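A.B. asks: The numbering used here applies: residue 36 is where the first sequence begins, and numbers increase by one.
Backbone N, C-alpha and C fix where the C-beta goes; we use that ideal spot for every residue, glycine too.
Owing to the predicted nature of the structure, the values given are computational and were not obtained by experimental measurement.
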Amino acid sequence: MPELPEVEVSRQGLLTYLTGRRIVGAVVRTSKLRHEIPVGLDHRLSGLTVEAISRRGKYLVFDCAAARGGGWLLIHLGMSGSLRLVPPATPAQKHDHFDLVFPETVLRLRDPRRFGDVLWQDGPVVDCHPALATLGVEPLSDDFSGDWLHAATRRRRMPVKPVLMDNRLVVGIGNIYAAESLFLAGISPLRRADQIDLEHYRRLALAICSTLRASIAAGGSSVRDYVHSDGGAGCYQLSCAVYGRAGQPCPSCANAVQVVRQAGRSTFYCSNCQC
DNA sequence: CGTTACCCCTGGAGGC
DNA sequence: TGCCTCCAGGGGTAAC
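1. Checking 8 Å against the spacing of the C-beta atoms, do R280 and D229 come in under that value?
2. Assign C310 to one of two classes, buried (16 or more other C-beta atoms within 10 Å of its C-beta) or exposed (fewer than that).
3. Excluding five sequence neighbours on each side, which residues of the same chain lie with their C-beta closer than 7 Å to the C-beta of P197?
4. Within a Cβ cutoff of 7 Å, which residues of the same chain sit near R90, ignoring the five residues on either side of it in sequence?
5. Should H235 be listed as close to the ligand SAH, given that the test is whether its C-beta is under 7 Å from any heavy atom?
6. DSSP three-state label for D77, please.
7. What residues in its chain sit with their C-beta under 8 Å from that of G158, if we drop five residues either side in the sequence?
8. Reducing DSSP to helix, strand and coil, say where I222 ends up.
9. Which residues does DSSP pair with Y304 in a beta bridge?
10. Following the continuous beta strand (DSSP E) through D157, name the residue where it begins and the one where it ends.
11. DSSP on L120, reduced to helix/strand/coil?
12. Under 6 Å Cβ to Cβ from L68, same chain only, skipping five residues before and after it: list those, please.
13. Is the Cβ-Cβ distance between V136 and L170 less than 8 Å?
14. If I measure Cβ to Cβ from S301 and keep anything under 6 Å in the same chain, skipping five residues before and after, which residues do I get?
15. Give the single residue among R189, V195 and L175 whose Cα lies nearest to the Cα of S250.
16. For my contact list, E38 and I211 are in at a C-beta cut-off of 8 Å; report their separation, rounded to the angstrom.
17. Considering only residues of the same chain and omitting the five flanking positions on each side of P73, which have a CB-CB separation below 6 Å?
18. Beta-carbon within less than 8 Å of L217's beta-carbon, same chain only, minus the 5 sequence neighbours each way: which residues are those?
19. Taking the straight line between their C-alpha atoms, what separation do you get for H235 and E139?
20. How is R190 classed by DSSP in three states: helix, strand or coil?
21. Quick one: Cα of V258 to Cα of V292, how far?
22. My output table needs one value for Y278: the three-state DSSP class, helix, strand or coil.
23. Where does D98 land, buried or exposed, given buried means 16+ other C-beta within 10 angstroms?
24. Take the Cβ of L50 as the centre, count every other Cβ of all protein chains shown within 10 Å, and call the residue buried at 16 or more, exposed below.
25. Helix, strand or coil, according to DSSP, for G60 in the structure here?
26. Report the three-state DSSP secondary structure of H132 (helix, strand or coil).
27. Could you tell me the distance, in whole angstroms, from the CA atom of I319 to the CA atom of S115?
Below, the structure written as structure tokens:
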């Protein structure tokens with residue numbers, strides 16, 4: 036579920052329901068996800084108001100009266116995390132690790148693999164939190180471009196695909212969108228990052244932006260349902276050109292889509308269209 | 001410094 | 001039916 040577009044659409048879905056709402060408590064059922072959930076978080080959150088919800092990379096960032104003595108709640112969904120709004124007193128199920136409780140609704144985090152995170156940053160500044168401090172550029176911001184990408188990869192001898200997934204460089208690009216963007220740009224995922232020229236990086240940056248934006252636009256309705264309590268019904272499937280399609284015809288040239296292993300992850304691509 | 005190998009954790013799919 | 005292996009949209013760390 037969660038790469039940048041899914042997190043962004045979740046954010047947009049939650050905005051309407053939670054902005055301006057007062058937190059009455061939190062429930063921690065599993066203390067350790069990727070990191071330990073801070074002790075006393077329930078007490079710290081109680082009485083604070085959610086003033087805004089933003090996103091940094093794949094983190095959801097809840098502004099809990101940060102400028103007025105509160106702080107920031109950070110939620111990362113890892114590989115298998117999901118958020119739902121459920122009615123108060125809805126029984127928790129297996130893997131429901133954390134609740135943010137409001138008078139009229141509960142934001143519930145479910146995460147079977149527990150690669151997600153619930154973190155807290157006290158005070159007015161969120162960027163100093165260790166989880167955010169080393170993050171790279173937002174791919175949908177003005178700071179991101181082909182020229183920037185080209186300059187930032189001059190000493191990167193790794194294949195371009197794992198470089199795209201390095202969140203110290205660019206955030207939010209996971210295994211799916213790395214593959215899809217490289218396909219759209221006609222660049223092989225095996226190419227060394229430092230051997231790709233400026234023109235191709237300009238194509239790649241445009242491909243990344245359009246892929247992410249299209250996914251945000253397309254994901255809207257389904258992830259909004261996902262955020263609501265009716266999760267499960269009508270699971271939305273993103274239509275991919277190459278990801279997950281090993282052996283199937285490339286949508287452009289009909290050659291079989293290839294799959295290889297890079298840095299422990301599957302990489303899908305068309306060896307005819309991408310070079 | 002850049003790069004690799006491995007670890008964290010559960011569940012689903014498919015082979016036998 | 002069970003047991004086994006492999007795979008999964010993320011990310012951190014130790015070691016070379």
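C.D. replies: Let me spell this out:
1. It is not a contact, given that the beta carbons lie outside the stated cut-off.
2. exposed
3. Q297 and A298
4. V42, E43, R46 and V96
5. With respect to the ligand SAH, the structure offers nothing, as it holds no ligand at all.
6. D77: helix per DSSP, three-state reduction.
7. A101 and G106
8. coil
9. Q293
10. D152 to D157
11. strand
12. R149, G151 and D152
13. no
14. Answer for S301: V294, listed in chain order.
15. L175
16. 6 Å
17. Once the five neighbours on either side are set aside, the close Cβ partners of P73 are W155.
18. Cβ neighbours of L217 beyond the five flanking positions: V195, K196, L199, S223, P224, L239, A242, Y304 and Q309.
19. 51 Å
20. coil
21. The predicted position of V258 is uncertain, since its pLDDT is 43 and thus under 50; no value can be drawn from it.
22. Assignment of Y278 by DSSP, reduced to helix, strand and coil, places it in the coil class.
23. Looking at its Cβ environment, which holds 16 or more other Cβ atoms inside 10 Å, D98 is buried.
24. exposed
25. strand
26. strand
27. Only positions 36 to 310 of the chain appear in this structure, which leaves residue 319 out of reach.
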